[in-house]
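Here the structure is laid out as structure tokens; the discussion comes afterwards.
Residue numbers (this note's numbering): 1 to 685.
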């Protein structure tokens with residue numbers, strides 16, 4: 001209403017009424033169709049609610065079992081991710097030197113500590129000599145350390161532990177056990193050569209126990225296979241976990257393999273039988289649980305072979321006269337799991353809610369009909385006058401926005417037929433919105449262009465300032481040296497002997513070469529910034545080329561020794577020789593420049609199947625942490641270089657040249673100890 005007062009319009013509804021006989025009150029136009037619509041909707045909703053109750057049951061069942069399936073699959077995925085996480089943690093610990101797998105005393109204690117954090121059945125390691133160390137969780141929660149040494153590979157010692165993970169006493173010794181290399185958890189990973197889930201297998205010291213292991217092969221620093229590390233999930237513990245997942249007591253979950261063998265279930269029946277103290281797995285069709293048995297029989301009848309189930313399946317069947325909704329979800333991962341998860345939900349779980357919902361729907365429909373009838377009458381009267389006033393106000397706003405003048409304007413009387421107010425309202429606001437949007441877009445575009453121009457101008461100004469400063473400082477020294485030597489030659493050339501004159505001529509040549517190098521750096525950087533730096537590869541005998549480059553650089557410096565080493569089979573490769581020279585000469589020059597005299601600079605050439613690695617390592621001043629992020633920016637120099645001369649362009653050129661080669665560059669550094677730059681360039685076929 002404040003907006004209407006701003007435009008000075010205070011006319012009443014009567015003033016806007018159309019005198020023609022075709023006039024229809026807006027209150028009637030709003031109320032009658034709304035009431036008729038509500039009455040029809042309420043009637044249809046009530047009718048179809050009762051008629052299609054069973055369809056609602058089916059849809060609800062599908063949604064519930066779908067959500068249950070997704071939830072169970074997510075929970076199982078999280079549960080089965082724990083062993084893989086433990087294995088990765090342990091491998092990382094081995095690589096970092098935090099875990100010595102040769103020290104079984106400490107390894108067993110380490111595994112014991114992990115069992116305090118993770119609820120798994122077994123964590124173990126075995127090497128190629130048949131030695132074994134592992135920590136086992138008993139059903140009562142106690143932990144045992146089991147150990148087999150190469151001096152007695154067929155005997156396993158079992159130790160109790162105290163509350164700190166220390167070995168307490170030798171509980172027993174089990175003899176005549178099979179070699180650990182024959183167990184599924186070890187053999188499967190050793191054969192695959194990569195992380196895998198083992199097949200379900202029996203424990204060699206407890207044949208009545210079945211488990212599945214997440215097994216990772218272990219390799220030494222030379223990538224030689226030395227053993228397997230694994231984490232077991234016991235089938236009975238998986239069943240216990242499934243037992244905790246269902247929302248209702250009647251919901252049932254079970255897991256089967258593609259060959260029909262039962263893995264685990266949420267029922268009280270075990271997924272295996274004990275025969276002569278040996279665990280024997282059960283086929284799902286032979287299960288004593290009728291839900292598992294009949295569900296599997298239905299699957300075999302429908303698909304002939306469980307291997308044919310590759311997508312999620314939904315179906316219904318009756319078990320003991322009760323309608324059951326079944327969801328079968330294939331469950332695979334990249335480590336070899338290929339199981340089927342079955343979720344069975346009885347209809348009785350939610351039928352009572354459906355009946356209650358039908359009764360509630362009938363009551364709500366009747367209540368809604370009464371309430372909406374009353375509200376429609378009140379609402380139509382309440383919105384009529386503001387809509388008419390807002391319609392006129394929108395016309396004024398649109399006209400003023402079109403001419404760009406938001407001034408006071410009297411509203412002329414308008415001819416209104418039927419519900420024309422709504423059409424005018426929509427048209428007026430659409431025109432106003434379009435005009436405002438165009439204006440806003442133009443202003444935004446102009447502002448953005450101005451901002452971008454200012455930013456670009458600022459960047460250019462800064463670049464010019466830095467370039468001028470660099471040019472002044474870097475060119476002044478060689479020019480001064482050239483001028484000095486030239487003046488001395490002019491004044492004393494006639495009386496100096498040849499060696500002294502040659503010294504000053506060489507000095508002039510050196511400074512000219514230095515200035516030429518600076519100019520080349522600037523030109524290369526200019527090409528890179530303009531996007532004109534191209535990679536033109538040619539065949540190169542890279543090993544000989546690098547040796548020649550080292551000899552060239554070594555001739556220039558007498559204070560450092562460059563140690564060149566090549567690792568791998570040397571080949572003829574296709575690279576851009578000019579870009580490669582920019583990369584390596586800058587890295588070698590920097591290594592020499594920022595290293596103390598009489599120190600070595602290591603240059604390593606490493607051949608890999610798909611790329612070439614260049615490493616340049618010095619023992620110089622290192623790079624402070626505050627400079628590492630911007631190290632490859634143009635004109636950036638580290639804060640600890642002191643009076644060492646430089647342009648700040650070398651590493652920027654190196655990075656541009658590496659990127660033009662589709663390669664990567666990174667570095668490792670320690671202040672005061674030195675820096676190693678690593679360049680990886682992919683090979684061009």
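Each residue gets a CB set at the ideal place from its N, CA and C atoms; glycine is no exception. Note that the coordinates shown come from a computational prediction; the quantities given were computed from them, not determined experimentally.
Exercise for the section: Just the C-alpha distance for residue 256 and residue 231, rounded to the nearest angstrom, thanks. Expected result: 21 Å
Problem - Cβ shell of residue 610 (< 7 Å), same chain only, five flanking positions each side left out - result: 682, 683
Handout entry: For residue 152 and residue 174, the rounded distance between their alpha carbons
Key = 11 Å
Handout entry: Own chain residues within Cβ distance below 6 Å of residue 594, not counting five before or after
Key = 620, 621
Handout entry: Exposure label - residue 99; buried when at least 16 CB within 10 Å
Key = buried
Exercise for the section: Please report how far the alpha carbon of residue 326 lies from the alpha carbon of residue 210, in whole angstroms. Expected result: 27 Å
Handout entry: Alpha-carbon spacing of residue 212 relative to residue 202, whole angstroms
Key = 9 Å
Exercise for the section: Apply the 10 Å Cβ neighbour rule to residue 675 and answer buried if 16 or more other Cβ atoms are within range, or exposed otherwise. Expected result: buried
Practice task
Could you have a look at residue 546 and say whether DSSP puts it in helix, strand or coil?
Solution key: helix
Problem - Member of 623, 656, 483 whose CA lies at the smallest distance from the CA of residue 634 - result: 656
Practice task
Using a threshold of 8 Å, state whether the C-beta atoms of residue 559 and residue 597 are closer than that.
Solution key: yes
Handout entry: Exposed unless 16 or more other CB atoms sit within 10 angstroms - verdict on residue 147
Key = buried
Handout entry: Burial state of residue 140, where buried means 16 or more other Cβ atoms lie within 10 Å
Key = exposed
Exercise for the section: Measure the CB-CB distance between residue 265 and residue 83 and report whether it falls below 8 Å. Expected result: no
Problem - From 566, 180, 219, residue whose alpha carbon lies closest to that of residue 545 - result: 566
Exercise for the section: State the Cα-Cα distance for the pair residue 332 and residue 70, rounded to the nearest angstrom. Expected result: 14 Å
Handout entry: Cα-Cα separation, residue 578 to residue 644
Key = 26 Å
Exercise for the section: Under 8 Å Cβ to Cβ from residue 277, same chain only, skipping five residues before and after it: list those, please. Expected result: 207, 208
Problem - Beta carbon of residue 290 nearer than 8 Å to that of residue 253 - result: no
Exercise for the section: Report yes or no: do the segment 31-47 and the segment 361-378 share at least 3 C-beta pairs separated by less than 8 Å? Expected result: yes
Practice task
Select from 65, 626, 662, 591 the residue whose C-alpha is nearest the C-alpha of residue 314.
Solution key: 65
Practice task
Would you be able to state if there are at least three C-beta pairs under 8 Å between the segment 181-189 and the segment 157-171?
Solution key: no
Practice task
Name the two residues that bound the continuous alpha helix (DSSP H) containing residue 292.
Solution key: 290-303
Exercise for the section: Check whether the Cβ atoms of residue 86 and residue 120 sit closer than 8 Å, and answer yes or no. Expected result: yes
Practice task
Within 10 angstroms of the Cβ of residue 673, are there 16 or more other Cβ atoms? Answer buried if so, exposed if not.
Solution key: exposed
Exercise for the section: Report the rounded CA-to-CA distance for residue 279 versus residue 138, giving the unit in angstroms. Expected result: 17 Å
Practice task
For residue 539, count neighbouring Cβ atoms within 10 angstroms of its own Cβ and tell me buried if that reaches 16, exposed if not.
Solution key: exposed
Practice task
Taking residue 508 and residue 486 to be in contact with their CB atoms under 8 Å, please state how far apart those CB atoms are, rounded to whole angstroms.
Solution key: 7 Å
Problem - For residue 438 and residue 412, the rounded distance between their alpha carbons - result: Residue confidence is low: residue 412 scores 45 on pLDDT, short of 50, so the model does not pin down where it sits. No coordinate-derived value is stated.
Handout entry: Residue nearest to residue 108 in terms of C-alpha spacing, selected from 81, 143, 624
Key = 143
Exercise for the section: With a cut-off of 8 Å on the beta carbons, I'd call residue 612 and residue 542 a contact; round off their distance for me. Expected result: 7 Å
Handout entry: Limits of the unbroken beta strand (DSSP E) element including residue 254
Key = 252-257
Handout entry: Cα-Cα separation between residue 556 and residue 592, rounded to whole angstroms
Key = 11 Å
Handout entry: residue 222 burial status per 10 Å Cβ neighbour count (16 or more: buried)
Key = exposed
Problem - Boundaries (first-last residue) of the alpha helix (DSSP H) holding residue 117 - result: 104-117
Problem - Rounded straight-line distance, which links the Cα of residue 182 to that of residue 157 - result: 19 Å
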